[in-house]
Amino acid sequence: MDLTIANQGGGGGVQRDYRKGNWNLEETMVLIEAKRMDDERRMKRLGDATKPAELRWKWVEDYCWRNGCFRSQNQCSDKWDNLMRDFKKVREFERRAAATAEREKKKPYWRMERSERKDSNLPSNMLPQIYEALVAAVERRGQPTTAAAGDGGGAGSSIGFMVTGVEKSTGHFLGQQHSMASPILHRPIPHSPVILQPLLPPPTVLPSAQPLPTLDSDTNEYSGSPSKRRRRRGGGGEGTSGAAATTLQEVGFEISRSASIIAEAIQSCENREDERHKEMVSLHKRRLQIEETKAEINRQGINGLIDAINKLANSMLALAANATQHSSK
1 MDLTIANQGG GGGVQRDYRK GNWNLEETMV LIEAKRMDDE RRMKRLGDAT KPAELRWKWV
61 EDYCWRNGCF RSQNQCSDKW DNLMRDFKKV REFERRAAAT AEREKKKPYW RMERSERKDS
121 NLPSNMLPQI YEALVAAVER RGQPTTAAAG DGGGAGSSIG FMVTGVEKST GHFLGQQHSM
181 ASPILHRPIP HSPVILQPLL PPPTVLPSAQ PLPTLDSDTN EYSGSPSKRR RRRGGGGEGT
241 SGAAATTLQE VGFEISRSAS IIAEAIQSCE NREDERHKEM VSLHKRRLQI EETKAEINRQ
301 GINGLIDAIN KLANSMLALA ANATQHSSK
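Under the UniProt record's numbering, the first residue of the sequence shown is numbered 1, with each subsequent residue one higher.
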């Protein structure tokens, strides 16, 4: 099934027929390659770091369309979020399995059945080709930023930490990455560029010297939902991030307050229904008691009438007997 949507990237009303449904292996590999090339493209041009996320994902969409993956930028963003979430779960499981292999003898992820993966709260359909492509994409994204750490100060140190985490989690790439990154990290500064001086802030303002992970939260942080991050990306550049966060907090507060009001209304309605039910049950009981009382009164009245008739009959018999005796005398 296809979905026709106007092209948001300009082009005078050009329309694209976006494909819907599940992603196949070829589309997923094209998306991973597009995201890897987009990361390399943006790392080569550090001046575009504050470009809105919509434009970055628009570039990914255009690349996918040129390579036969007819998906929209929102579909690409959501799929990338799902891929990285599953990738992190599998990577963490493999790391723990390798660390406790001698004690627990856990079965590797790739030898587990689908039911076993679901029981372990793991993605059931991660393919080895996709996992290896994601590992390569994460490593390639870390290499140029590690090289920049020797020249760029604080911004490079945060990316270097990300590369170290990738090395620890992937295990079998540890030796290779360490041998490649060590000479670069210990390389002396060849020159003292005047342009890069603002990247060396004092320790008191160290948190503000790391804008790159914050601006690339759409590729490095995958804990939020896709729709929430799209709202965050809709705020534009770095200048409006604080206002967007405040707006999200206000929206969340209003949603929670509305939910509490609705819950109270539902609870009060249920309480009133319980009270009405109890009243109906009590009324029904009283009605049954009245009917039983009426039946008892009627029964007693009939019994009294029968006794009176019997007494009257006995009196008439006695009177007739007396009259017969008098007449015989």
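Every residue gets a Cβ at the ideal spot worked out from N, C-alpha and C, and that includes glycine.
Because the structure is a prediction, the values reported are computed rather than measured.
The Cβ-Cβ distance between K107 and A97 falls below 9 Å. CA-to-CA, the gap between S258 and L248 works out to about 15 Å. With distances taken between CA atoms, R19 lies nearest to G68 out of E132, G68 and I32. Pairing I130 with I32 gives a Cβ-Cβ distance under 9 Å. In this structure the segment 105 to 121 does not touch the segment 133 to 142; the number of beta carbon pairs closer than 8 Å is below three. Between the beta-carbon of L127 and that of F93 there is about 16 Å, and that puts the pair past the 8 Å contact cut. Counting only runs of 3 or more residues that sit fully inside the UniProt domain "Myb-like" (15 to 84), the beta strand (DSSP E) segments are 15 to 19, in chain order. Annotation: N74 to E250 spans about 25 Å, alpha carbon to alpha carbon. Residue W59 holds the alpha-carbon nearest to the alpha-carbon of E40 among M29, W59, E26 and A313. The Cβ atoms of M43 and R141 sit closer than 9 Å to each other. Nearest neighbour of L25 by Cα position, chosen from A133, E273 and K105, turns out to be A133.
Within its own chain, no residue has a Cβ closer than 8 Å to the Cβ of A320 once the five positions on either side in sequence are excluded. Distance from K35 to W80 at the Cβ level is roughly 6 Å; contact confirmed, criterion being Cβ atoms closer than 8 Å. Counting of Cβ neighbours within 10 angstroms places W110 among the exposed residues, the total staying below 16.
Distance from the CA atom of Q289 to the CA atom of L305, rounded to whole angstroms, is 24 Å. Spanning the alpha carbons of R71 and E273 requires a straight line of approximately 51 Å. A straight-line Cα-Cα distance of about 55 Å links D38 and C269.
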